Each structure stands twice: as C-alpha cells, then as structure tokens.
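Asks:
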Amino acid sequence: MMAYRPLCHQGTIAIQRIASKSFVSTVKNDMLRSFPRCAIHSTAYLNTTVPPARDDASSSSKTKTQRKRLDVALVGAPNAGKSQLLNSLIGSKVAAVSRKRHTTRTGILGARTFDDTQLVFIDTPGFLHHKMGHKEGVRKLLGEASSEMECADFTLLVVDAARRLEEDMKRTLITLMFMALRSRGRNEEGLLVVEKNGVPAENTPLNKFAVVVNKVDLVNPKEKLLMVTADVGSMAESCIRRLLQQRRTPSKVRLGDLVDSVLENYSKEEGFTDVHDDDIETFAAVAPEFLFVSAITKDDEGVDDVLGLLLDRATPSKHWIIDAESTTGMSPVEQVEEIIREKIYRCLHREVPHCVQQQNRMFRMIERNKGKTGSDVDEGNNLMRIHQDLVVKTKSHQRLVLGSGGKTLERIRSTALRDLEEAFKCEVDLEMNVRISKSNHETPLESDTGASSNFTL
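Residue numbers (this note's numbering): 1417 to 1873.
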C-alpha cells in the first residue's frame, strides 16, 4: 500500500513528493532553470522518456502499433496563461494571447502528434465561479469551459504562480477541481455513463487532472512556489476526500455546498483525515501531479515534462480527430480571425476589445503560378487576400479603434500581417475597415471547408 507521512499541515502529498525528490534544496538555491524540471510526478512517470521537442508525425504511418489519444482540457482562472501554454505545447500559435482577461471566447482546438499518439488540446475561456462570472458579464463563457471539461480525458488546471490566491480565486480553483474529478472523458463506444447524485461510478478512474503552476519566472524568492503548491495541493486533497465520502455514502448535495465545505475546512485537514481505510491507497494515487512551467519562455523544459506526463496517460483510440500533420482543428478562416483578434486585444483597452466583432468580407487564396503548363505551384509564391471588417456599436468605439489618423487600426493590421504570413507561409494582402453596426444581432460569417472562399455582405 502506498503511504505518505505528512510533512506539513497543507498539501501533504504534494509536499511529500517534492521532498522525496530533493526539490526543497533546489528551491533554497533559488535556481530558476531547475524549476521547469521540477515536475512532481509518480515514480512511474519519472522513468518515462521526455519526447523530442519537434513532432514526428510522419512516422505514424510506418508504425503498426495501436493508435492512442488523449483529449486534454486546459482550464483555469482568466489570464492564467492557458493560451500561451497551449501554443507552447503544440509548438505553434493557434490561440490568441494577451494580458486582457477573457481573451479566449470559445474553445480552441489544437493537437500534437507523436508517432502513434495524438494529444488533443482544448483551450477554454477563463473560468470564474458563478458570482464572479455574473459580476463580469461573462456567464456564457462559464458554460463553455464546463462543457469542454465534461468530455475531456484529462484536465490541466493552470494556476498563475505570480498571482495571490484570494478567496474568489480559491473558490474558482476548487470548483474546477470538482468538475475535473467528475469528468466522463471521451466516449468512442457510445456507452451510457451512469452517475449517482453527480458522483462518478465506482469503476470510473478519478485521477483526471494535474496542476500546472505557470509563470514561475515571475516569482521570487522561489520558496513561494512551495507555498502555492502546499495551498493548492491541500485544496485538491480536500476535494478528493469529499468525493470519496460521497461514493461511500451517496447523498444529494449541491456543487456549491461542496465548494463551500472545502473552502472552509481544507486548511484544517491533515493527511488522511476522514479518509476510510479502504480508500487510503486511492486517495494517495488520485492526488494530482504538480508541474512548474514558464510557458512564455522559448523551449521551456517544463513544457516537455507536461507532454511526457500526457503521453504516459494516453489510451487506445480507434481514430484521431485531427490530421497527424496538422496542429489545429480550426479552418483557415478561423485561424485568421484568431490571429487578428489577438492584435485587437493587444492594441485596444478597457471594454473596447470585448465590443469589437469581426466579419470576413473576403478570404481568397490566389495561386500565382496557376495556368502555367507543367509548372508546380509553389505555396510560398501564393497570395492570400483577406478583407475584414471590425464592427462596433458606437461612434466613440469606432474612433478608439481607428485611433488618431488611423494609427491604431494600422498597428492592428501590420502586427497581424506578420503573424499571418508566418502562419500560412505565403504573402498576405490584409485590408481592414471599421464600421458601426446597423443591427445588434449581426453574427460573424462562417467559413466553408478548407477551400478558398469569397465572402460578401
């Protein structure tokens, strides 16, 4: 039986794992580069090999082993660095990144394929518990995050290490932990999953999430990372404790009541307090791994640690939902919108970027060599022509988006242009206009399949 002797009153298993791998001395030495490698894992994971930094999807066609897959939801509070982590995990930019809260408005699908294994990532909008969500007017986004977690095989709970854990933040993290523990995972067989009073059935595995402590480069002294690990680890153990109790004595209880109970008592609970003797091994095994990363840092070693953990948890799959050569499930038009939207959020302030709606008037790929007999079309010589309107509701917003002499709009256009040419590996002709909405019910145009399209209103 696996047993842990508590070293402190909070986050006992997480801290025990740190101590067992001599991380305490590392922290005291205050060595930043060592922290991305401080993945707090089980012994089984420590024996695995970290995958290469670059994808090797081409070899997947040669291997005869069974395909594997893991659907991973990236969740956390707003501005925790989920989108930046997604871009780092898949090795290219697919999600908009900015310092603004709620930059991600829908689930962004990304993937990375290693040999016979595909990792599918879903970047969700920043989650807030219902009271905060109502206050910030983003309750629609909360449902998006919740639904994505329900069907995920595994969840990465991203925590901003540089941000203080206030009560609202703790409530948000506890809510996400319960939702991750109750997730059902993908269902390729179409089998009915039965829950009792919202608690997973006994044969359902509970170890479904890991905690990614992000932005470690902003934390000094590094001892503070141990404090974050202890606090968040103690919350996680308290959530697991209550879920195991619910399995043994099923009863109807609201999620909000469970969250309140954990928030009130987690700091007082130690080790295996109130854990049934038969559940001790499960309790210890389900406690989440902690990984330390700086997602904004290029070639961060912590990102490799995350990938290694996920590859180790992949399960057999009959099919992959994204082509092995691709890194995203988004259409080209959706990728264009995401890139431009990032620049909108970076260049505009306050409520203005949230009020801008994008509408594509034209998206066309022009093959410059087309028509020449016997000539191969070089994708790098193609021209992508994009005309997009930024739709606002008021004249004051229109003036803010345009800026003095149109400088703000030009900054959005020029910075987006560079990223678009890098993403599509061709010359891009980007034209942007700002107009006032004639109706409050306008909706963005949707792309066709991957074919070139010309959109007009």
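For each residue, glycine too, the CB sits at the ideal point set by N, CA and C. Values in this document were obtained by computation on a predicted structure and should not be read as measured data.
What is the C-beta distance between Val1635 and Ala1577, in whole angstroms, given that I count them as a contact (C-beta under 8 Å)?
Replies: Within the sequence shown, residue 1635 is the residue found at index 219, counting from 1. Within the sequence shown, residue 1577 is the residue found at index 161, counting from 1. Correct: roughly 5 Å between the Cβ atoms.
Asks: Give me whichever residues DSSP pairs with His1770 in a beta bridge.
Replies: Here residue 1770 refers to the residue found at position 354 of the sequence shown. Per DSSP, none; premise fails for His1770.
Asks: For Val1629 and Ala1646, I'd like the C-alpha separation in whole angstroms.
Replies: Here the question's residue 1629 lines up with position 213 in the sequence shown. Here the question's residue 1646 lines up with position 230 in the sequence shown. Going by the C-alpha atoms only, they are around 12 Å apart.
Asks: Figure out for me which residue from Thr1571, Leu1490 and Ile1696 has the closest Cα to the Cα of Gly1601.
Replies: Counting from 1 along the sequence shown, the entry for residue 1601 is found at position 185. The option with the nearest alpha carbon to Gly1601 is Thr1571.
Asks: Anyone know if the C-beta pair for Arg1777 and Asp1805 falls short of 7 Å?
Replies: Counted from its first residue, the sequence shown places residue 1777 at position 361. Counted from its first residue, the sequence shown places residue 1805 at position 389. Yes. Within cutoff.
Asks: When you compare only the Cα positions, how much space is there between Thr1533 and Leu1642?
Replies: Position 117 of the sequence shown, counting from 1, holds the residue named residue 1533. Position 226 of the sequence shown, counting from 1, holds the residue named residue 1642. Looking at the two C-alpha atoms, the distance is approximately 33 Å.
Asks: According to DSSP, is Lys1854 part of a helix, a strand, or is it coil?
Replies: Here residue 1854 refers to the residue found at position 438 of the sequence shown. Three-state DSSP puts Lys1854 in coil, outside helix and strand.
Asks: Could you spell out the range, first to last residue, of the beta strand (DSSP E) harbouring Asn1630?
Replies: For the purposes of this step, residue 1630 is taken as the residue at position 214 of the sequence shown. Note, Asn1630: beta strand (DSSP E), Phe1625 to Asn1630.
Asks: Apart from the five residues just before and just after Leu1674, which ones in its own chain have a Cβ nearer than 7 Å to its Cβ?
Replies: Residue numbering aside, residue 1674 sits at position 258 when the sequence shown is read from its first letter. Here the set comprises Phe1594 and Arg1658.
Asks: How long is the line joining the alpha carbons of Arg1579 and Pro1541, rounded to whole angstroms?
Replies: As a working mapping, residue 1579 is identified with position 163 in the sequence shown. As a working mapping, residue 1541 is identified with position 125 in the sequence shown. The alpha-carbon atoms of Arg1579 and Pro1541 are separated by roughly 18 Å.
Asks: What's the gap between the Cα of Thr1831 and the Cα of Lys1854?
Replies: Counting from one through the sequence shown, the residue named residue 1831 turns up at place 415. Counting from one through the sequence shown, the residue named residue 1854 turns up at place 438. So the two alpha carbons sit approximately 28 Å from each other.
Asks: Please report the distance separating the alpha-carbon of Asn1681 from that of Asp1695.
Replies: Here the question's residue 1681 lines up with position 265 in the sequence shown. Here the question's residue 1695 lines up with position 279 in the sequence shown. Separation of Asn1681 and Asp1695 (C-alpha to C-alpha, rounded to the nearest whole angstrom) is 20 Å.
Asks: With Gln1500 and Ala1839 assumed to form a contact (beta carbons below 8 Å), what rounded beta-carbon distance in angstroms separates them?
Replies: Within the sequence shown, numbered from 1, the residue matching residue 1500 stands at position 84. Within the sequence shown, numbered from 1, the residue matching residue 1839 stands at position 423. The Cβ separation is near 16 Å, so there is no contact.
Asks: Between which two residues does the beta strand (DSSP E) harbouring Asp1716 extend?
Replies: For this step, residue 1716 is matched to residue 300 along the sequence shown. First-last for Asp1716: undefined, no H or E at that position.
Asks: For His1803, which residues does DSSP report across the bridge?
Replies: As a working mapping, residue 1803 is identified with position 387 in the sequence shown. Partner(s): Met1778 and Glu1847.
Asks: Under the three-state reduction of DSSP, which class applies to Pro1732: helix, strand or coil?
Replies: Here residue 1732 corresponds to residue number 316 of the sequence shown, with the count starting at 1. In this structure, Pro1732 counts as strand in the three-state DSSP scheme.
Asks: Relative to the alpha-carbon of Val1807, which residue among Ile1852, Glu1843, His1765 and Met1585 has its alpha-carbon at the smallest distance?
Replies: Residue mapping note: residue 1807 aligns to position 391 of the sequence shown, counting from 1. Proximity to Val1807 across Ile1852, Glu1843, His1765 and Met1585 peaks at Ile1852, based on C-alpha coordinates.
Asks: Give a single yes or no on whether Thr1481 has its beta carbon closer than 6 Å to a heavy atom of the ligand SAM.
Replies: Inclusion of the ligand SAM in the displayed structure is not the case, the ligand content being empty and no account of it being possible.
Asks: Please check if any C-beta of chain B sits within less than 7 Å of the C-beta of Tyr1761.
Replies: Protein chain content of the structure displayed is limited to a single chain, and chain B is not contained in it.
Asks: Taking 7 Å as the threshold (C-beta atoms), are Gly1497 and Lys1631 in contact?
Replies: As a first step, residue 1631 must be located in the sequence shown, where it is residue number 215. As a first step, residue 1497 must be located in the sequence shown, where it is residue number 81. Against a cut-off of 7 Å, the Cβ pair of Gly1497 and Lys1631 comes out as a contact.
Asks: Ends of the beta strand (DSSP E) at Ala1489?
Replies: Residue mapping note: residue 1489 aligns to position 73 of the sequence shown, counting from 1. Looking at the DSSP string, the run of the beta strand (DSSP E) that includes Ala1489 is Lys1484 to Gly1492.
Asks: Any idea which residues DSSP pairs Val1808 with across the strands?
Replies: Taking the sequence shown and counting its residues from 1, the one referred to as residue 1808 is at position 392. Looking at the DSSP output, Val1808 sits in a beta bridge with Ile1852.
Asks: So, with DSSP's three-state summary, where would you put Phe1840?
Replies: The sequence position of residue 1840 within the sequence shown is 424, counting from 1. Helix.
Asks: Suppose the cutoff is 7 Å on Cβ atoms and the five residues either side in sequence are ignored; what does the same chain contact list for Leu1505 look like?
Replies: Here residue 1505 corresponds to residue number 89 of the sequence shown, with the count starting at 1. Excluding its 5 nearest sequence neighbours in each direction, Leu1505 has C-beta neighbours in its own chain below 7 Å: Arg1528, Phe1537, Val1719, Val1722 and Leu1723, listed in chain order.
Asks: Hey, how far is the Cα of Cys1842 from the Cα of Ile1755?
Replies: As a first step, residue 1842 must be located in the sequence shown, where it is residue number 426. As a first step, residue 1755 must be located in the sequence shown, where it is residue number 339. Using only the alpha carbons, I get a separation of about 15 Å.
Asks: Taking only the alpha-carbon atoms, compute the straight-line gap between Val1510 and Asp1693 and give it to the nearest angstrom.
Replies: Along the sequence shown, read from residue 1 onward, the residue named residue 1510 stands at position 94. Along the sequence shown, read from residue 1 onward, the residue named residue 1693 stands at position 277. So the two alpha carbons sit approximately 46 Å from each other.
Asks: Quick one: grab the DSSP three-state call for Ile1828.
Replies: Indexing the sequence shown from 1 puts residue 1828 at position 412. Ile1828: helix per DSSP, three-state reduction.
Asks: DSSP beta-bridge partners for Arg1528?
Replies: Here residue 1528 refers to the residue found at position 112 when the sequence shown is read from its first residue. For Arg1528, which the question treats as bridged, DSSP gives the partners Leu1535.
Asks: With a Cβ-Cβ cutoff of 7 Å, do Leu1490 and Arg1587 count as a contact?
Replies: Taking the sequence shown and counting its residues from 1, the one referred to as residue 1490 is at position 74. Taking the sequence shown and counting its residues from 1, the one referred to as residue 1587 is at position 171. No, the Cβ-Cβ distance between Leu1490 and Arg1587 is not below 7 Å.
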